[in-house]
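Peer 1: Numbering (the working numbering), first residue to last: 1256 to 1561.
Dropping the structure in here first, questions after.
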């Protein structure tokens, strides 16, 4: 009995493991890739169930989804096994959701074939119904239409039967209204594109660049200095200086006359000239103030009596 059992074990072929099945609809259950369990988080599990595109109910605790349906960016690198030179394992990121090769992106050849057959049957029924209507109403031969003209959607067909005419013209009217909507939308997009091109042209223009530079320089300097900096010509501006500009030039001149002359001749700063500073000093008025009155009181108190 022992020998017989060993013989049977050696003769019987080894049974392979159970084939893994992907829970996503229309998936062909590819081999050689990893299969992943459904997440424990309820929200993520619902997202996985919706991605399967299945109408039947299935056990998510036992179901798996193959790596074919996940974006490569959702997988973690198995650095430990890579460094050790061992076979790597596939691990998903916590926020991984199947988004690739789902049913909405795929239509089986059998379904396409069935749809074409249904269209052919529908056309035959329409032709037969039209022929019956034409014969019953005794339409003259000159008004008979060929089968090709009936099938041509670009031509308008008129029949005495209002219900048939409505059924035939309904898709055409739908396409006409949709075409009008698309034309209006295209016109709107073209107008937006034209406005964006004009705006882009203005942003790339020299005028816009000068406006930006003038705005930033004007926040630091007065109108006269701003005009001199933006001007490429060697023009002297002796008018329109602000009080602070004249005072700053006067302080610089008092501290270092050479520095003042150097900046005035070699830099783009339109510093006020010495004549402008002297004219401003002549009009400068400083009232006596409280200090002068207090000095007079002190002087009077220091005089001897009598």
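Glycine is no exception: its CB is placed at the ideal position from the N, C-alpha and C atoms.
Does DSSP put residue 1277 in a helix, a strand or coil?
Peer 2: It is a strand residue.
Peer 1: What are the start and end residues of the alpha helix (DSSP H) that includes residue 1304?
Peer 2: Start and end: 1297-1307.
Peer 1: Given a cut-off of 9 Å on the beta-carbon distance, is the pair residue 1253 and residue 1505 in contact?
Peer 2: The question about residue 1253 has no answer here: the residues shown for the chain are numbered 1256 through 1561.
Peer 1: Buried or exposed: which applies to residue 1466, given that a residue is buried once 16 or more other Cβ atoms fall within 10 Å of its Cβ?
Peer 2: The residue is exposed, with fewer than 16 neighbouring Cβ atoms inside 10 Å.
Peer 1: Which residue or residues does DSSP assign as beta-bridge partners of residue 1331?
Peer 2: Paired residue(s): 1346.
Peer 1: Cutting at 7 Å between CB atoms, please list the residues of its own chain near residue 1318, excluding the five before and the five after it.
Peer 2: Answer for residue 1318: 1278 and 1293, listed in chain order.
Peer 1: Just to confirm the assignment, what range does the beta strand (DSSP E) spanning residue 1282 have?
Peer 2: Per DSSP, residue 1282 belongs to no beta strand (DSSP E) and is neither H nor E.
Peer 1: Note down the Cα distance separating residue 1351 from residue 1328, rounded to an integer number of angstroms.
Peer 2: Cα to Cα, the separation comes out at about 9 Å.
Peer 1: Can you tell me the Cα-Cα spacing of residue 1339 and residue 1371, whole angstroms?
Peer 2: Those two C-alpha atoms are separated by around 56 Å.
Peer 1: Counting pairs of Cβ atoms below 8 Å between the region 1310-1326 and the region 1280-1291, do you hit three or more?
Peer 2: They touch, by the three-pair rule.
Peer 1: Quick check on residue 1352: does DSSP put it in helix, strand or coil?
Peer 2: If DSSP states are grouped into helix, strand and coil, residue 1352 belongs with coil.
Peer 1: Taking three-plus beta-carbon pairs below 8 Å as touching, is the region 1329-1336 in contact with the region 1299-1306?
Peer 2: Contact fails: fewer than three Cβ-Cβ distances are below 8 Å.
Peer 1: Which partner residues does residue 1519 have in the DSSP bridge list?
Peer 2: According to DSSP, which records beta bridges pairwise, residue 1519 is partnered with nothing at all.
Peer 1: Hey, could you find the ends of the alpha helix (DSSP H) residue 1501 is sitting in?
Peer 2: Its alpha helix (DSSP H) spans residues 1498-1510.
Peer 1: Out of curiosity, what's the CA-to-CA distance linking residue 1474 and residue 1513?
Peer 2: Computed Cα separation, rounded: 28 Å.
Peer 1: So the alpha helix (DSSP H) residue 1529 belongs to, where does it begin and stop?
Peer 2: Residues 1529-1537.
Peer 1: Should residue 1324 go down as buried or exposed, given a rule of 16 or more other Cβ atoms within 10 Å for buried?
Peer 2: That one is buried.
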